[in-house]
Amino acid sequence: MRVAILGAGAIGPGCAALAASRGHDAALWSPSGAGTGGLAGTLHAEGELTGTFPVRVAATLEEAFAGADVALLTVPAYALAGLLARIAAAIPRDMPLLIAPAASLAPLAFARLRGPGAPVGAMATTPITGRRTAPDRVRIAAIRAWSEMGALPGAAAPQMAALAEALFGNRWPVVPDALAAAFINTNPIAHAALALANVTRIEQRETWGQYGLMTEAVCRLMEALCAERDALAARFGHSPPSLVEALHRTNGVPRGPLHEMTRAIEAGRGVIAGPTEMDTRYVTEDVPYGLAFYLALAAANGQPMPVTEAAVTVIETLWGRGLRENPLLEGLDLANLPALLRAG
Numbered sequence: 063m064r065v066a067i068l069g070a071g072a073i074g075p076g077c078a079a080l081a082a083s084r085g086h087d088a089a090l091w092s093p094s095g096a097g098t099g100g101l102a103g104t105l106h107a108e109g110e111l112t113g114t115f116p117v118r119v120a121a122t123l124e125e126a127f128a129g130a131d132v133a134l135l136t137v138p139a140y141a142l143a144g145l146l147a148r149i150a151a152a153i154p155r156d157m158p159l160l161i162a163p164a165a166s167l168a169p170l171a172f173a174r175l176r177g178p179g180a181p182v183g184a185m186a187t188t189p190i191t192g193r194r195t196a197p198d199r200v201r202i203a204a205i206r207a208w209s210e211m212g213a214l215p216g217a218a219a220p221q222m223a224a225l226a227e228a229l230f231g232n233r234w235p236v237v238p239d240a241l242a243a244a245f246i247n248t249n250p251i252a253h254a255a256l257a258l259a260n261v262t263r264i265e266q267r268e269t270w271g272q273y274g275l276m277t278e279a280v281c282r283l284m285e286a287l288c289a290e291r292d293a294l295a296a297r298f299g300h301s302p303p304s305l306v307e308a309l310h311r312t313n314g315v316p317r318g319p320l321h322e323m324t325r326a327i328e329a330g331r332g333v334i335a336g337p338t339e340m341d342t343r344y345v346t347e348d349v350p351y352g353l354a355f356y357l358a359l360a361a362a363n364g365q366p367m368p369v370t371e372a373a374v375t376v377i378e379t380l381w382g383r384g385l386r387e388n389p390l391l392e393g394l395d396l397a398n399l400p401a402l403l404r405a406g
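My numbering numbers the first residue of the sequence shown as 63 and each following residue consecutively.
Set out below in C-alpha cells:
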C-alpha cells in the first residue's frame, strides 16, 4: 500500500520505517516542515527495527495524499486542534484515516470538520515507541504486539484494524467505538500523579526516575483516578484495562501491587527519566486532553469525579494556568455521544 504519514516527531518516522520494512510505500509529512528537514529519501532505524528504509518526504498535504491508500495521523494531542481542519480540507473523502492515539474524541472532531467520508480509525495507542536520534535516524524502542482499535462509525473497526495490521504487523483487537479507545490510554492518570508528586523536582530541573518514584502513595492516587475513569467508562458500557494490566502489557512485569510492579520495571529497564521542564506534556497534553476530558464527559452525563476534579484543580494552581480548554470538544453534544459514535 501507499501510506501518508502525518507527523514527523519520533512516532511518525518510526511508523514510516516499519511500514517500509513490510514493503509499503511511505510518505512523511511534517506540519511545520522542521520534522522532515535532513531527510533525503532514506531513514535509518535502530533498536527493535534495524535497517535503512526508503521514505518519501511530502512538502504539502496534497503531495502526501497523492496516490495514497490510507493515512496515519500521529501528533501530540495538543497539536490536533490546529491540524484537523487542514487535514479535513485536503484529504480525499474516500481515504481512511488512522489516528494514533485517538485522544479526546479526535476522530469525531475530524469527522465533524470533514463531513461524510471514509471511516476513521481510533487507535488506543501508537504502533511503536521511539525517539529521533538524528534528522535521518530513529531509534525504535518497542514495536507493540497489539493494541485496541475503535472506529468512527463504530462498525468500521474491523476494517480499520485490518488496514493497521497490514501496514504495521501489530494485532488490533476491536473495541465498540472511538470513546472506548480513548479511555484505554493510562498516560493521563500516571503522568498527572507523577507531576503532582514531583513538581518541585520538575521545577528545579532535577534528574529523577519516574518508575522508581511511583511509590505506594503515588500509586494510591493513580488507583483512585483510575477508579473514577472506570466508573465514567461504565456509563458508556466500556471497561478499559486496569493500571496493573497496562503496566504488564507495556513492560512485561508480573501482575501484582502497582508499587511493586513499578519497582520491578525500574530494576529491569533502568532509570527512565521523568520530565525536567514545567512545560511538560505530562501536564500540557495529558491534563487538558486526558483528565479534563474525563471531567467534561462526566459533567455532561452527571457522573461525579471528585478526585479527578481535585487533581486538575491542584495542578492548575501549581502550574499557574488553566488546563481545561479542549478545542476538540467544541460543538460536540457530549450528552448524546453513543448515537454520534455509532453513526459517525
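Even for Gly, the Cβ is constructed at its ideal location relative to N, Cα and C. Small disclaimer: the values here were computed from a predicted structure and weren't measured.
By the Cβ rule, the stretch 202 to 218 does not count as touching the stretch 261 to 280, because fewer than three pairs are nearer than 8 Å. For residue 327, the enclosing alpha helix (DSSP H) has its first and last residue at 320 to 331. C-alpha of residue 335 to C-alpha of residue 298: approximately 36 Å in a straight line.
According to the DSSP assignment, residue 66 belongs to no alpha helix (DSSP H) but to the beta strand (DSSP E) extending over 64 to 68. With 16 or more other Cβ atoms inside 10 Å of its own Cβ, residue 290 counts as buried. Counting every other CB atom within 10 Å of its CB across the protein chains shown gives residue 192 a total of 16 or more, marking it as buried. Here residue 148 is exposed: its Cβ has fewer than 16 other Cβ atoms, across all protein chains shown, within 10 Å. When the Cα atoms are used, residue 138 and residue 322 turn out to be separated by approximately 30 Å. For residue 387, no beta strand (DSSP E) encloses it, and the DSSP letter there is neither H nor E. With contacts defined by Cβ atoms closer than 9 Å, residue 163 and residue 224 do not form a contacting pair. In this structure, the CA atom of residue 278 is about 17 Å from the CA atom of residue 310. Inter-segment contact for the stretch 158 to 173 and the stretch 181 to 188 is present: three or more beta-carbon pairs are separated by less than 8 Å. As computed with DSSP, residue 108 is found in a beta bridge with 201. In this structure the stretch 73 to 93 does not touch the stretch 169 to 183; the number of beta carbon pairs closer than 8 Å is below three. Between residue 102 and residue 65, the C-beta gap is not smaller than 9 Å, which leaves the two residues out of contact. Scanning the stretch 251 to 275 from its first residue to its last, the whole alpha helix (DSSP H) runs of 4-plus residues come out as 261 to 265.
Across the set 76, 318 and 296, the C-alpha of 76 shows the shortest separation from the C-alpha of residue 194. Taking C-beta atoms under 8 Å as the contact rule, residue 390 and residue 168 qualify, at a distance of about 6 Å. If you draw a 10 Å sphere on the C-beta of residue 352, you find 16 or more other C-beta atoms in it, and that means buried. Residues of the same chain with a CB within less than 6 Å of the CB of residue 333, apart from the 5 flanking positions on each side, are 271 in chain order. Counting only residues of its own chain and dropping the five nearest sequence neighbours on each side, residue 381 has a CB closer than 7 Å to the CB of 340 and 345. The beta carbon of residue 373 sits closer than 6 Å to those of 254, all from its chain and outside the five residues before and after it, given in chain order. In the three-state reduction of the DSSP assignment, residue 153 falls in the coil class. Just measuring C-alpha positions, the residue of 248, 106 and 110 sitting nearest residue 116 is 106. Shown here for residue 99: same chain residues with a beta carbon closer than 7 Å to its own, the five before and five after excluded, namely 197 in chain order. With respect to residue 242, residue 302 sits close: the two C-beta atoms are nearer than 9 Å. Residue range 211 to 214 is occupied by the beta strand (DSSP E) that includes residue 211, with no alpha helix (DSSP H) assigned at that position. Residue 233 has its alpha-carbon roughly 16 Å from the corresponding atom of residue 308. DSSP links residue 148 through a beta bridge to no other residue. A direct Cα-Cα distance of roughly 42 Å separates residue 260 from residue 153. Ranked by Cα distance from residue 110, the first of 200, 204, 146 and 124 is 204.
For residue 363, the CB contacts under 6 Å within the same chain, skipping 5 residues up- and downstream, are 297 in chain order. Assigned with DSSP and collapsed to three states, residue 222 falls in helix.
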